[in-house]
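Undergrad: Can you keep this structure in mind? I'll have questions shortly.
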Amino acid sequence: MKNLKEYIREISDFPSEGIKYKDITPLLLDPEAVQETVAQFIKLLGDVKIDKVVGIESRGFFFGMLLAEKLKAGFVPIRKPGKLPYKIHAESYKLEYGTDILEIHQDAIKPGENVILHDDVLATGGTAKAACSLIEKMGGNIIQCNFLIELGFLNGREKIAEHEVRSLLSY
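If you read the sequence shown in my numbering, its first letter stands for residue 276, the second for the next number, and so on.
Printed below as a string of C-alpha coordinates:
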(Lines of atoms letter the chains of each structure in order from A and count residues from 1; the text may use other names and numbers.)
(Lines give C-alpha, C1' and ligand atoms only; values in the text may rest on other atoms or scores of the structure.)
Protein backbone atom coordinates (compact mmCIF):
# COMPACT_ATOMS: atom_id res chain seq x y z
CA MET A 1 0.00 0.00 0.00
CA LYS A 2 1.34 3.40 -0.98
CA ASN A 3 1.68 6.23 1.53
CA LEU A 4 -0.43 8.84 -0.23
CA LYS A 5 1.04 11.71 1.82
CA GLU A 6 4.27 11.20 -0.11
CA TYR A 7 2.42 12.41 -3.21
CA ILE A 8 1.13 15.67 -1.72
CA ARG A 9 3.41 18.62 -2.37
CA GLU A 10 3.20 21.54 0.06
CA ILE A 11 3.66 24.98 -1.45
CA SER A 12 4.19 27.87 0.95
CA ASP A 13 2.48 31.23 0.47
CA PHE A 14 0.11 30.02 -2.27
CA PRO A 15 -2.37 31.38 -3.23
CA SER A 16 -1.55 34.05 -0.67
CA GLU A 17 0.98 34.70 2.07
CA GLY A 18 0.71 32.42 5.10
CA ILE A 19 -1.12 29.61 3.25
CA LYS A 20 0.50 26.18 2.96
CA TYR A 21 -1.21 24.85 -0.18
CA LYS A 22 -1.61 21.08 -0.53
CA ASP A 23 -0.89 20.31 -4.19
CA ILE A 24 -2.36 16.98 -5.35
CA THR A 25 -0.91 17.07 -8.87
CA PRO A 26 2.06 14.78 -8.00
CA LEU A 27 -0.49 12.16 -6.92
CA LEU A 28 -2.39 12.59 -10.19
CA LEU A 29 0.82 11.95 -12.14
CA ASP A 30 1.25 8.44 -10.69
CA PRO A 31 -1.27 5.88 -12.01
CA GLU A 32 -0.59 3.46 -9.14
CA ALA A 33 -1.15 6.21 -6.56
CA VAL A 34 -4.41 7.14 -8.29
CA GLN A 35 -5.55 3.48 -8.22
CA GLU A 36 -4.62 3.23 -4.54
CA THR A 37 -6.54 6.42 -3.77
CA VAL A 38 -9.68 5.14 -5.49
CA ALA A 39 -9.37 1.78 -3.71
CA GLN A 40 -9.10 3.53 -0.34
CA PHE A 41 -12.19 5.64 -1.08
CA ILE A 42 -14.14 2.49 -2.01
CA LYS A 43 -13.10 0.88 1.31
CA LEU A 44 -14.49 3.88 3.20
CA LEU A 45 -17.95 3.13 1.80
CA GLY A 46 -18.28 -0.54 2.54
CA ASP A 47 -21.07 -2.23 0.61
CA VAL A 48 -23.66 0.58 0.51
CA LYS A 49 -25.38 0.99 -2.87
CA ILE A 50 -24.56 4.41 -4.30
CA ASP A 51 -26.69 5.99 -7.04
CA LYS A 52 -24.77 9.23 -7.59
CA VAL A 53 -21.35 10.64 -6.83
CA VAL A 54 -21.41 14.44 -6.58
CA GLY A 55 -18.10 16.20 -7.23
CA ILE A 56 -17.44 19.84 -6.43
CA GLU A 57 -15.75 21.99 -9.10
CA SER A 58 -13.12 21.45 -10.11
CA ARG A 59 -10.76 19.18 -8.23
CA GLY A 60 -13.65 17.14 -6.87
CA PHE A 61 -14.18 15.99 -10.45
CA PHE A 62 -10.88 14.04 -10.62
CA PHE A 63 -11.62 11.29 -8.12
CA GLY A 64 -15.38 11.84 -8.13
CA MET A 65 -15.63 10.63 -11.71
CA LEU A 66 -13.36 7.64 -11.01
CA LEU A 67 -15.44 6.72 -7.95
CA ALA A 68 -18.66 6.94 -9.96
CA GLU A 69 -17.22 4.59 -12.58
CA LYS A 70 -16.06 2.04 -9.97
CA LEU A 71 -19.38 2.20 -8.11
CA LYS A 72 -21.43 2.01 -11.34
CA ALA A 73 -23.09 5.24 -10.26
CA GLY A 74 -23.90 8.46 -12.08
CA PHE A 75 -21.62 11.47 -11.71
CA VAL A 76 -23.07 14.88 -10.84
CA PRO A 77 -20.97 18.04 -11.13
CA ILE A 78 -21.58 20.93 -8.76
CA ARG A 79 -20.25 24.05 -10.42
CA LYS A 80 -19.66 27.74 -9.97
CA PRO A 81 -22.33 30.11 -11.37
CA GLY A 82 -22.97 30.21 -15.10
CA LYS A 83 -21.22 26.93 -15.98
CA LEU A 84 -24.23 24.60 -16.21
CA PRO A 85 -26.43 24.90 -19.33
CA TYR A 86 -29.75 23.56 -17.98
CA LYS A 87 -32.18 24.56 -15.22
CA ILE A 88 -30.35 24.78 -11.90
CA HIS A 89 -30.71 24.96 -8.15
CA ALA A 90 -28.29 27.42 -6.53
CA GLU A 91 -26.93 27.80 -3.01
CA SER A 92 -24.94 30.76 -1.74
CA TYR A 93 -22.41 30.44 1.05
CA LYS A 94 -20.07 32.66 3.01
CA LEU A 95 -16.38 32.94 2.31
CA GLU A 96 -13.82 34.60 4.55
CA TYR A 97 -14.38 37.81 2.57
CA GLY A 98 -17.77 37.82 0.83
CA THR A 99 -19.98 35.09 -0.60
CA ASP A 100 -19.99 32.60 -3.46
CA ILE A 101 -22.58 30.39 -5.16
CA LEU A 102 -22.71 26.73 -6.18
CA GLU A 103 -25.11 25.31 -8.76
CA ILE A 104 -26.46 21.88 -9.71
CA HIS A 105 -28.80 20.76 -12.50
CA GLN A 106 -32.36 20.39 -11.24
CA ASP A 107 -32.69 16.88 -12.71
CA ALA A 108 -29.33 15.54 -11.43
CA ILE A 109 -30.56 13.77 -8.28
CA LYS A 110 -33.89 12.06 -7.73
CA PRO A 111 -35.54 11.96 -4.29
CA GLY A 112 -34.29 9.01 -2.24
CA GLU A 113 -31.13 8.38 -4.24
CA ASN A 114 -28.03 7.47 -2.23
CA VAL A 115 -25.33 10.07 -2.79
CA ILE A 116 -21.66 10.55 -1.98
CA LEU A 117 -20.34 14.09 -1.86
CA HIS A 118 -16.68 14.21 -2.91
CA ASP A 119 -14.07 16.96 -3.00
CA ASP A 120 -10.30 17.07 -2.83
CA VAL A 121 -9.98 19.16 0.36
CA LEU A 122 -12.17 19.83 3.38
CA ALA A 123 -11.02 23.19 4.74
CA THR A 124 -13.47 25.55 6.44
CA GLY A 125 -16.49 23.50 5.33
CA GLY A 126 -18.47 26.30 3.68
CA THR A 127 -18.35 24.80 0.19
CA ALA A 128 -19.19 21.30 1.46
CA LYS A 129 -22.12 22.63 3.51
CA ALA A 130 -23.54 24.46 0.48
CA ALA A 131 -23.15 21.32 -1.65
CA CYS A 132 -24.91 19.22 1.02
CA SER A 133 -27.76 21.75 1.07
CA LEU A 134 -28.18 21.40 -2.70
CA ILE A 135 -28.24 17.60 -2.50
CA GLU A 136 -30.76 17.65 0.35
CA LYS A 137 -32.93 20.25 -1.44
CA MET A 138 -33.28 17.69 -4.24
CA GLY A 139 -34.14 14.85 -1.85
CA GLY A 140 -30.82 13.04 -2.06
CA ASN A 141 -29.75 10.79 0.81
CA ILE A 142 -26.16 11.74 1.67
CA ILE A 143 -24.39 8.52 2.61
CA GLN A 144 -20.96 10.07 3.04
CA CYS A 145 -18.97 13.24 2.45
CA ASN A 146 -15.49 12.13 1.51
CA PHE A 147 -12.33 14.08 0.88
CA LEU A 148 -8.80 13.30 -0.15
CA ILE A 149 -7.41 15.81 2.38
CA GLU A 150 -8.86 17.29 5.55
CA LEU A 151 -7.30 20.39 7.10
CA GLY A 152 -8.43 19.59 10.62
CA PHE A 153 -7.21 22.82 12.18
CA LEU A 154 -9.86 24.72 10.15
CA ASN A 155 -12.72 22.72 11.74
CA GLY A 156 -14.66 22.28 8.49
CA ARG A 157 -16.05 18.96 9.69
CA GLU A 158 -18.19 20.84 12.21
CA LYS A 159 -20.22 22.52 9.44
CA ILE A 160 -21.29 19.16 8.02
CA ALA A 161 -21.31 17.16 11.28
CA GLU A 162 -24.80 15.75 10.60
CA HIS A 163 -23.24 13.64 7.83
CA GLU A 164 -20.62 10.92 7.88
CA VAL A 165 -17.34 12.66 7.00
CA ARG A 166 -14.34 10.62 5.88
CA SER A 167 -10.91 11.73 4.67
CA LEU A 168 -7.94 9.75 3.45
CA LEU A 169 -5.32 12.27 4.65
CA SER A 170 -5.39 14.71 7.56
CA TYR A 171 -3.21 17.72 8.28
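Note that the Cβ used here is the ideal one computed from N, Cα and C, for glycine as well.
Quick check on Glu411: does DSSP put it in helix, strand or coil?
TA: Taking the sequence shown and counting its residues from 1, the one referred to as residue 411 is at position 136. Three-state result, Glu411: helix.
Undergrad: Indicate whether Lys277 and Glu332 have their beta-carbon atoms separated by less than 8 Å.
TA: Taking the sequence shown and counting its residues from 1, the one referred to as residue 277 is at position 2. Taking the sequence shown and counting its residues from 1, the one referred to as residue 332 is at position 57. No.
Undergrad: For Lys327, which three-state DSSP category applies?
TA: Position 52 of the sequence shown, counted from the first residue, corresponds to residue 327. Correct three-state label for Lys327: strand.
Undergrad: Using the Cα positions of Leu304 and Ile417, report the straight-line distance between them to the nearest angstrom.
TA: For this step, residue 304 is matched to residue 29 along the sequence shown. For this step, residue 417 is matched to residue 142 along the sequence shown. Looking at the two C-alpha atoms, the distance is approximately 30 Å.
Undergrad: Taking the alpha carbon of Glu437 as the reference point, which residue from Leu444, Phe428, Cys407 and Gly293 has its own alpha carbon closest?
TA: Working through the sequence shown from its first residue, we reach residue 437 at position 162. Taking only the C-alpha atoms, the option nearest Glu437 is Cys407.
Undergrad: Please report how far the alpha carbon of Ala405 lies from the alpha carbon of Val390, in whole angstroms.
TA: For the purposes of this step, residue 405 is taken as residue 130 along the sequence shown, with counting starting at 1. For the purposes of this step, residue 390 is taken as residue 115 along the sequence shown, with counting starting at 1. Ala405 and Val390: Cα-Cα distance of roughly 15 Å.
Undergrad: Give the list of continuous alpha helix (DSSP H) stretches no shorter than 4 residues that lie fully inside the segment 349–418.
TA: Counting whole runs of 4 or more residues, the segment 349–418 contains the alpha helix (DSSP H) stretches 401–412.
Undergrad: Three or more beta-carbon pairs under 8 Å between the segment 289–297 and the segment 312–321, yes or no?
TA: The segment 289–297, when compared against the segment 312–321, does not touch it at the 8 Å Cβ threshold.
Undergrad: So what does DSSP say about Phe316, is it helix, strand or coil?
TA: Taking the sequence shown and counting its residues from 1, one reaches residue 316 at position 41. Helix, per DSSP.
Undergrad: Spell out a yes or no on whether the segment 426–435 and the segment 395–404 are touching, meaning 3 or more CB-CB pairs, one atom from each, closer than 8 Å.
TA: These segments touch.
Undergrad: Considering only the alpha carbon of each residue, which of Glu425, Cys420, Leu443 and Ser445 lies closest to Ile435?
TA: Taking the first residue of the sequence shown as position 1, residue 435 is located at position 160. If we check each option's Cα against that of Ile435, Cys420 comes out closest.
Undergrad: Which partner residues of Glu344 appear in the DSSP bridge assignment?
TA: Taking the sequence shown and counting its residues from 1, the one referred to as residue 344 is at position 69. Paired residue(s): none; Glu344 is not in a bridge.
Undergrad: For Leu342 versus Leu377, is the C-beta spacing smaller than 8 Å?
TA: Position 67 of the sequence shown, counted from the first residue, corresponds to residue 342. Position 102 of the sequence shown, counted from the first residue, corresponds to residue 377. Going by C-beta atoms, Leu342 is not nearer than 8 Å to Leu377.
Undergrad: CB-CB under 6 Å to Ile325, same chain, minus the five flanking residues each way: which ones, in chain order?
TA: On the sequence shown, residue 325 is found 50 positions in, with the first residue counted as 1. Closer than 6 Å at Cβ, skipping near neighbours: Leu346, Ala348, Asn389 and Ile391.
Undergrad: Taking the beta strand (DSSP E) that Leu443 belongs to, which residues open and close that run?
TA: Here residue 443 is taken as the residue at index 168 of the sequence shown, counted from 1. Residues Val440 to Ser445.
Undergrad: Taking the alpha carbon of Phe422 as the reference point, which residue from Val440, Arg284, Glu281 and Ala308 has its own alpha carbon closest?
TA: Residue 422 sits at position 147 when you count from the first residue of the sequence shown. Of the listed residues, the one whose Cα sits closest to Phe422 is Val440.
Undergrad: Just reading off the beta strand (DSSP E) that Lys297 is part of, what are its end residues?
TA: Working through the sequence shown from its first residue, we reach residue 297 at position 22. Element bounds for Lys297: Lys295 to Asp298.
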